[in-house]
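Note that this note's numbering has the sequence shown beginning at 2, numbered continuously upward.
Glycine included, each C-beta is placed from N, C-alpha and C at the ideal position.
Okay, so here's the structure we're looking at.
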Amino acid sequence: MNKVETQMNTWLDEVVIGLNLCPFAAKPRRKQQIQLTVCDAQDDTEILTAIYQALVHLDHTEPAITDTTVVVVPNALADFDHYLDVVDATEAMIDHYQWRGVFQVASFHPNYCFEGCAPEDSENLTNRSPYPCFHLIREASMSRALAHYGQDPEQIPARNIARVSALTHEERQALFPWIKASSD
């Protein structure tokens, strides 16, 4: 396993699942149904091609084999605004291929910053990952997970913000070392 895969797997296990930021991630992770695809491209067109190929793979693969895919882009999209442009292009691709209602994309980036937030605001940690990535989600799987979720799913973002806001300085450094490294 290379460095990028190791860091992403650690992030999935310790942050996403460990902090329970996505209450639906543990089961497919346990069942090895999360595909991690590293895209070494630097060109937007090549990145979008890799995302398209991942969507086609999901479209032609049973959820029991691959339920969800994370496309990681370690060598490009460092600029958050540029990354958001590629997220928008991914959304347009989903519409173009009539996958709206079938797939959705969740976005994660090392410098993720929600609109109206300052870059240092804790809530941004909920969407910060070691590298820019695109989480391609089957809407049917999400619907099934929500149907069995025993709590109000509308409260997940507020619960996540409270969870990351409660992290100590040491916990933040341990869970998000790439943020510390980029701010030194």
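Less than 8 Å between the CB atoms is what I'm expecting for residue i and residue j, so what's the real figure, rounded?
| i | j | result |
| --- | --- | --- |
| T67 | Q105 | At roughly 16 Å, the Cβ-Cβ gap does not stay under 8 Å, so T67 and Q105 are not in contact. |
| R139 | T69 | 6 Å |
| T64 | S142 | Residue identity differs from the one stated: residue 64 is Pro in this sequence, not Thr. Confirmed, Cβ separation roughly 6 Å. |
Could you check whether residue j and residue i sit closer than 8 Å to each other, using their CB atoms as the reference points?
| i | j | result |
| --- | --- | --- |
| N3 | Q43 | no |
| V71 | D45 | no |
| Y113 | R101 | no |
| L22 | N161 | yes |
| I1 | F135 | Shown here, the chain extends from 2 to 185; a query on residue 1 therefore has no answer. |
| L56 | L126 | no |
| L168 | V16 | no |
| P24 | Y150 | yes |
| P158 | L147 | no |
What residue range is occupied by the uninterrupted alpha helix (DSSP H) comprising residue i?
| i | result |
| --- | --- |
| Q174 | 170-176 |
| K4 | 4-12 |
| D81 | One detail in the question is off: residue 81 reads as Phe in this sequence, not Asp. Segment 81-97, the alpha helix (DSSP H) holding F81. |
| V57 | 45-60 |
| P29 | 27-31 |
Using C-beta distances below 8 Å, list every residue in its chain close to residue i, excluding the 5 sequence neighbours before and after it, in chain order.
| i | result |
| --- | --- |
| Q8 | P131, Y132, W179 |
| A90 | D45, L49 |
| C118 | E124, N125 |
| A26 | L13, V17, I18, I35 |
| E172 | none |
| L78 | I48, Y84, V87, H110, P133 |
Hey, quick one: how far does the beta strand (DSSP E) through residue i stretch, first residue to last?
| i | result |
| --- | --- |
| S108 | 104-109 |
| V165 | Run containing V165: none in the beta strand (DSSP E); it sits in the alpha helix (DSSP H), 157-166. |
| T69 | 69-73 |
| D139 | Correcting the residue type first, residue 139 is Arg in the shown sequence and not Asp. From DSSP, the beta strand (DSSP E) with R139 extends over 134-139. |
| T38 | 35-39 |
Got a sec? Which residues, its chain only, sit under 7 Å from residue i by beta carbon, not counting five neighbours each side?
| i | result |
| --- | --- |
| E6 | L37, V39 |
| L59 | T67, T70, F104, L137, R139 |
Return the chain-ordered list of same chain residues with a C-beta closer than 6 Å to the C-beta of residue i, the five sequence neighbours on each side being excluded.
| i | result |
| --- | --- |
| S123 | V165, S166 |
| H110 | F81, Y84, P133 |
| T41 | Correcting the residue type first, residue 41 is Asp in the shown sequence and not Thr. Cβ neighbours of D41 beyond the five flanking positions: N76. |
| P120 | C114 |
| V74 | C40, I48, P133 |
| L20 | R164 |
| T11 | none |
| S108 | V88 |
Run the proximity test for residue i: is its beta-carbon closer than 7 Å to any non-hydrogen atom belonging to the ligand GTP?
| i | result |
| --- | --- |
| L13 | The model on display carries no ligand, and the ligand GTP is accordingly not part of it. |
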